[in-house]
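Peer 1: Sequence positions in the sequence shown follow the working numbering and run 58 to 337.
Positions of the beta carbon are idealized from the N, C-alpha and C atoms, including for glycine.
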Amino acid sequence: MTKRREQWLLWLAGIVVCLMLSVGAAVSAQAAGRQVYDDAGLFSDSEISDLTAAVNVAEEETGWDLMLLTVNDNSVGSTQSYAEEKFNEYTEKDNGIAFVLDMNARLFYIATGGEAYEYVGDTRLNELLDDATVYAGDGDYYQAMIAMLNDTVTFYQEGKPDHSSVYDADQGIYRDVSGSNVRLLDLKDILLAIVIGGVVCAGFCLFITGKYRLKFGRYRYNAREHATVKLRTNEDHFVRQYVTRRKIPKDPPKNGDGGNTSTVHQGAGGRTFGGGGRGF
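(1) To the nearest angstrom, how far is it from the Cα of Leu108 to the Cα of Ala226?
(2) If I follow the unbroken alpha helix (DSSP H) through Thr209, where does it start and stop?
(3) Would you check if there are 3 or more beta carbon pairs closer than 8 Å linking the region 124-139 to the region 213-229?
(4) Measuring CA to CA, which of Gly178, Ile203 and Ala284 is closest to Asn110?
(5) Of the choices Gly196, Gly333, Phe144 and Val321, whose alpha-carbon is the least far from that of Gln92?
(6) Suppose only complete runs of 4+ residues qualify. What are the alpha helix (DSSP H) ranges in the region 152-205, listed by chain order?
(7) Would a C-beta distance cut-off of 7 Å place Glu118 and Val210 closer than the cut-off?
(8) Would you say Asp95 and Thr127 are within 7 Å of each other, going by their C-beta atoms?
(9) Are there three or more Cβ pairs, one per stretch, closer than 8 Å when the region 316-333 is compared with the region 160-172?
(10) How is the alpha helix (DSSP H) around Gln137 delimited, first residue to last?
(11) Quick one: grab the DSSP three-state call for Leu123.
(12) Measure the alpha-carbon distance for Asp282 versus Thr290 and round it to whole angstroms.
(13) Where Leu164 and Leu249 are concerned, what is the direct C-alpha to C-alpha distance, given to the nearest angstrom?
(14) Return yes when the Cβ of Leu125 is within less than 7 Å of the Cβ of Ala115, no when it is not.
(15) Which residues does DSSP pair with Ile230 in a beta bridge?
(16) Using CA coordinates, which residue listed in Tyr199, Thr285, Cys258 and Leu206 is at the minimum distance from Glu104?
(17) Could you give the C-beta distance for Met205 and Leu185, rounded to a whole number, given that I count them as a contact under 8 Å?
(18) For Gly120 and Gly254, I'd like the C-alpha separation in whole angstroms.
(19) Tell me the DSSP secondary structure of Val321 in three-state form.
(20) Between which two residues does the beta strand (DSSP E) carrying Arg335 extend?
(21) So who's on the other strand from Asp95, going by DSSP bridges?
(22) To which residues of the same chain is Phe212 closer than 7 Å at the C-beta, ignoring the five residues directly before and after it?
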């Protein structure tokens, strides 16, 4: 009887453990699948559903992880750090954007990761914040989020700006990311260039030879008879020297117009982030 009871207890304990694991996995999956985190309590249930649907549409179009977050907590020291930490915590891909509305700081912050900061550079980021703060200033936070999602899809469909570059604020260097305007030479192009160059060079040499009727091997120039040499003494006296040192700033790429730059930095978790914020 004791043995049978022990077996039943073991079976019961196993079932309880399985149920707990299943519930935990379900909760984790649900949390990972969420895209709207309204901790500030700004949206109704129907608005959260509509925002979630809008995020789904934007994610299908871009292939990025997108999330909308609101917070109203004075313990949040930096909205930028909060946005980047939540990006690392909730996203499954390297490419994506976290849109954060910090009601305590009265601030919008947009954190871009992966290829998202190549599409949403500094100029486009300002356009996003322009649209968001217009609605937020009127208290329409729902429409502010919708406007940013719509702008993100539009920018993705337009593609990366021409002559775009990324500026690493930590290292002070630029790198070109446009890609579309760069064409590499293949073997056929190189051989064709060599042949054309050889033909042009040979033609030029034949033209000069014929024009001046040069006869190779017969013409001699008498340097001793026609040349003269004059020697002068020149003395230099060292007086003093001056050494001037200054830091030369790194210039943006020559093909850029200054308006298609994405400024990035090493943010939370060591990930490279772009982005920016604005108060309202």
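Peer 2: Based on what the coordinates show:
(1) By one-based count along the sequence shown, residue 108 stands at place 51. By one-based count along the sequence shown, residue 226 stands at place 169. Leu108 and Ala226 have their alpha carbons spaced roughly 33 Å apart.
(2) What you label residue 209 is simply residue 152 of the sequence shown in a count that begins at 1. Thr209 -> alpha helix (DSSP H) spans Tyr198 to Glu215.
(3) no
(4) Along the sequence shown, read from residue 1 onward, the residue named residue 110 stands at position 53. Going by the sequence as given, residue 110 is Ala instead of Asn. Minimum Cα distance to Ala110 is reached at Ile203.
(5) For the purposes of this step, residue 92 is taken as the residue at position 35 of the sequence shown. Considering only Gly196, Gly333, Phe144 and Val321, the residue with the shortest C-alpha distance to Gln92 is Phe144.
(6) 173-176 and 179-194
(7) In the sequence shown, the residue the question calls residue 118 occupies position 61. In the sequence shown, the residue the question calls residue 210 occupies position 153. Against a cut-off of 7 Å, the Cβ pair of Val210 and Glu118 comes out as a contact.
(8) Counting from 1 along the sequence shown, the entry for residue 95 is found at position 38. Counting from 1 along the sequence shown, the entry for residue 127 is found at position 70. In this structure, Thr127 lies closer than 7 Å to Asp95 by Cβ.
(9) yes
(10) Reading the sequence shown from its first residue, position 80 is the one you call residue 137. Per DSSP, Gln137 belongs to the alpha helix (DSSP H) from Thr136 to Tyr147.
(11) Taking the sequence shown and counting its residues from 1, one reaches residue 123 at position 66. It is a strand residue.
(12) Sequence index remark: in the sequence shown, residue 282 carries index 225 (1-based). Sequence index remark: in the sequence shown, residue 290 carries index 233 (1-based). Here the sequence assigns Glu to residue 282, which means Asp is not the residue at that position. Going from the Cα of Glu282 to the Cα of Thr290 covers about 25 Å.
(13) Within the sequence shown, the letter at position 107 stands for residue 164. Within the sequence shown, the letter at position 192 stands for residue 249. One C-alpha to the other measures close to 58 Å.
(14) Translated into positions along the sequence shown, residue 115 becomes position 58. Translated into positions along the sequence shown, residue 125 becomes position 68. It is not a contact, given that the beta carbons lie outside the stated cut-off.
(15) For this step, residue 230 is matched to residue 173 along the sequence shown. Answer by DSSP bridge pairing, in chain order: Asp225.
(16) To locate residue 104, count along the sequence shown from 1; it is residue 47. Considering only alpha carbons, the answer is Tyr199.
(17) For the purposes of this step, residue 205 is taken as residue 148 along the sequence shown, with counting starting at 1. For the purposes of this step, residue 185 is taken as residue 128 along the sequence shown, with counting starting at 1. With a Cβ gap of about 5 Å, Met205 and Leu185 count as contacting.
(18) What you label residue 120 is simply residue 63 of the sequence shown in a count that begins at 1. What you label residue 254 is simply residue 197 of the sequence shown in a count that begins at 1. Cα-Cα distance, rounded: 47 Å.
(19) Taking the sequence shown and counting its residues from 1, the one referred to as residue 321 is at position 264. Reduced to three states, the DSSP call for Val321 is strand.
(20) As a first step, residue 335 is located in the sequence shown; it is residue number 278 there, counting from the start. Taken as a continuous stretch (DSSP letters only), the beta strand (DSSP E) holding Arg335 covers Thr329 to Gly336.
(21) Counting from 1 along the sequence shown, the entry for residue 95 is found at position 38. Answer is Thr127, bridged to Asp95.
(22) Within the sequence shown, numbered from 1, the residue matching residue 212 stands at position 155. Excluding residues within five positions, the ones whose Cβ falls inside 7 Å are Tyr176, Val177 and Arg181.
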